[in-house]
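Here's the structure we're looking at; comments come further down.
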Amino acid sequence: MPAPRIRRASVLLSLVLVFSLLSGCGLYDKEYSVVEQYPAAVNDKDKDSSTVHNYYEMEEAILNLVHQRMEKGSIVFDNYEGDISSDLKNVCWSLRTRDAFCVYCVSGIQYEMNHIVSQDGADLSISYSRSKEEMEQIKTISFSTDLTSYAEQAIDSFTERLVVLIKNCSLDEDGIRELVDSAYEDNPVIALASPMTQVKMYSGSGLQRLVEVDFSYGDNPQDLTQKKAEVVQKINEIAEKASDDVTEKALLNIANMIISRCRYQDELVGNSVYSCLVLKEANSQGLALALRSICNAMEIPCETVDGFYNQKEHYWNIVQIGDDHYHIDLSRCILKGMDSGFLRSDEEMWNEYRWDTSAYSKCNGSLTYKDVAKS
Numbered sequence: 572m573p574a575p576r577i578r579r580a581s582v583l584l585s586l587v588l589v590f591s592l593l594s595g596c597g598l599y600d601k602e603y604s605v606v607e608q609y610p611a612a613v614n615d616k617d618k619d620s621s622t623v624h625n626y627y628e629m630e631e632a633i634l635n636l637v638h639q640r641m642e643k644g645s646i647v648f649d650n651y652e653g654d655i656s657s658d659l660k661n662v663c664w665s666l667r668t669r670d671a672f673c674v675y676c677v678s679g680i681q682y683e684m685n686h687i688v689s690q691d692g693a694d695l696s697i698s699y700s701r702s703k704e705e706m707e708q709i710k711t712i713s714f715s716t717d718l719t720s721y722a723e724q725a726i727d728s729f730t731e732r733l734v735v736l737i738k739n740c741s742l743d744e745d746g747i748r749e750l751v752d753s754a755y756e757d758n759p760v761i762a763l764a765s766p767m768t769q770v771k772m773y774s775g776s777g778l779q780r781l782v783e784v785d786f787s788y789g790d791n792p793q794d795l796t797q798k799k800a801e802v803v804q805k806i807n808e809i810a811e812k813a814s815d816d817v818t819e820k821a822l823l824n825i826a827n828m829i830i831s832r833c834r835y836q837d838e839l840v841g842n843s844v845y846s847c848l849v850l851k852e853a854n855s856q857g858l859a860l861a862l863r864s865i866c867n868a869m870e871i872p873c874e875t876v877d878g879f880y881n882q883k884e885h886y887w888n889i890v891q892i893g894d895d896h897y898h899i900d901l902s903r904c905i906l907k908g909m910d911s912g913f914l915r916s917d918e919e920m921w922n923e924y925r926w927d928t929s930a931y932s933k934c935n936g937s938l939t940y941k942d943v944a945k946s
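If you number the sequence shown the way the numbering used here does, the last residue is 946 and the count never jumps.
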C-alpha cells in the first residue's frame, strides 16, 4: 500500500514543478529580471527634439527653437561629424553673439549633455529678453530697401514700434532713419506730419541686421486718425476740381488751388499737408508735400526735393509731363509769381537753388508757365 502513495506524491511534485516553471515563480526566494534601456517618454509640451548630423544642422535646430520661442528642447546626435561638446559650446556662443535675431531676443542658452542607449544627446534651456508677442511682431525681409513698405504701413496705422530682421543690410542707423523718413515723404498723407524716429540696430554675422524703429507722432492715434480724414477729404476735393485730360493743365489747376487756400510762412512750423490744406498756413515743406499728395491721388508722377534756396534749407517738387521733368516751387510762385516757380528747368533753377542732382530726375523739358496758361 505505501507504494501508491509514493507514486501519487511524485506525480503531485512533478505537477507543482511544471506549474512553477510555467507561472514564472521559483521555488526559492530569488527574483530574475531582464533589463533593457528605453528612451524616457517626453511629456513636456514646451520641449522639442531634433536629430542632427553636423555643426550646420545643430545651429539650425537651435535657431528653430528660438524662432518658435521654445524654452526647452533637445538634440540627438546621429553619426555626428565633429566634436559634439566643442561644437555645441561654439554654436550656443555664436548664436548669442553673431545672429541678429538671437542678439535681440535671447538672454541665455544653456545645455546639458546626456547619453541614451547608443546615442549622445543634449537638453537645452533657452531664456528670452523679449515677450512672445514682441517676437511675433518681427518682420523678415531680404534687403533694406524692402523696409520702406513696412515703414509706410507702420506710419499709416500710427504704430509706435517697427522691428525688422534684414538679411542683407549695408546701411547704418542714419541710413535706416533716412530710408524710413523717405517713406513719409513719398506718401505724406499716411501721417499728419513727419514722425520723430529713433533707430536701434542689432548686428549679426555678415550683412544680417535687426532694426528697431520707434515712432513718435505728437498726438494720440484717435485724434490723428480724425485729422487725417480731414486731409484726405481736402485732397479729394482739389483732385476732383483740378482734373484735366492734359497733365500740365491739371498741375496748373492744383498749384492755383493750393496757393489760393494757403498762406506761405517761412518758419520751421507748418511743414505738413495738414498745415497747408486744413490750417491753411505752411512753409515750403508743407506746400511741397501738399502738391505731392494731390499728384499721388491723381497718379501724376511727382517727387519732393529736399535742397537749398539761397543757402537755406528749402523744399519744392519735380513733376513728370510725358517723358520730361520740371521743377515746381509753390513758395516761389506765391512770392514772385507763377512764371518764376512753375515748370522750371535745372538750368533756370541752378542760380539760386542747390540740390543733390544725382538723387532726382533731370529737368530739361521745354514747356513753360506761359505755354500752359495760354493753352
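The C-beta atom is built at its ideal place from N, Cα and C for all residues, glycine as well.
No experiment lies behind these values; they were computed from the predicted model shown.
Quick check: the stretch 751 to 760 against the stretch 644 to 659, are there 3 or more CB pairs under 8 angstroms? no
Counting only runs of 3+ residues fully inside the stretch 682 to 745, write out the beta strand (DSSP E) ranges in chain order. 690 to 699, 710 to 714 and 732 to 739
Residue(s) in a DSSP beta bridge with residue 780: 737 and 774
For a quick check, are the C-beta atoms of residue 892 and residue 826 less than 8 angstroms apart? no
Whole-angstrom distance between residue 644 and residue 801, CA atom to CA atom: 53 angstroms
Between the Cα of residue 916 and the Cα atoms of 904, 897, 925 and 908, which residue gives the shortest distance? 897
Could you compute how far the alpha carbon of residue 769 sits from the alpha carbon of residue 785? 5 angstroms
What number of angstroms, rounded off, separates the C-alpha of residue 880 from the C-alpha of residue 929? 18 angstroms
Quick check on DSSP: helix, strand or coil for residue 813? helix
According to DSSP, is residue 767 helix, strand or coil? strand
Using 8 angstroms for Cβ pairs, my map puts residue 886 next to residue 855. What's the rounded Cβ distance? 4 angstroms
Mind checking whether residue 736 and residue 671 have CB atoms under 8 angstroms apart? yes
Could you tell me which of 635, 639 and 648 sits nearest to residue 560, measuring between CA atoms? Because the chain in this structure spans residues 572 to 946, residue 560 falls outside the shown range and cannot be described.
Report the residue ranges of all alpha helix (DSSP H) runs contained in full by the stretch 849 to 929; include only those spanning at least 4 residues, in chain order. 855 to 868, 901 to 907, 909 to 912 and 917 to 920
Coarse secondary structure for residue 840, derived from DSSP in three states: coil
Using C-beta distances below 8 angstroms, list every residue in its chain close to residue 851, excluding the 5 sequence neighbours before and after it, in chain order. 832, 833 and 834
Kindly indicate which residue of 766, 918 and 888 has the alpha-carbon position closest to the one of residue 755. 766
Which residues in the same chain have their Cβ closer than 6 angstroms to the Cβ of residue 841, if we skip the five residues on either side of it in sequence? 852, 853, 854 and 857
Rounding to the nearest angstrom, what Cα-Cα distance links residue 921 and residue 675 in this structure? 47 angstroms
Measure the Cβ-Cβ separation of residue 720 and residue 739 and say whether it is below 8 angstroms. no
What does DSSP give as the partner residue(s) for residue 648 in the beta ladder? 623 and 691
When DSSP builds the beta bridges, which residues end up paired with residue 834? 852
Backbone secondary structure at residue 643 - three-state DSSP: strand
Tell me which residue opens and which closes the alpha helix (DSSP H) that residue 674 is part of. 671 to 676
Same chain, Cβ closer than 8 angstroms to residue 807, five either side skipped, listed in chain order: 868
If you draw a straight line from the C-alpha of residue 776 to the C-alpha of residue 902, how long is it? 48 angstroms
What do you get for residue 860, buried or exposed, if any count of 16 or more other CB atoms within 10 angstroms of its CB means buried? buried
Looking only at C-alpha atoms, which of 716, 727 and 732 sits nearest to residue 742? 716
Are the CB atoms of residue 659 and residue 634 nearer to each other than 8 angstroms? no
Just list the residues that DSSP pairs residue 680 with in beta bridges. 697
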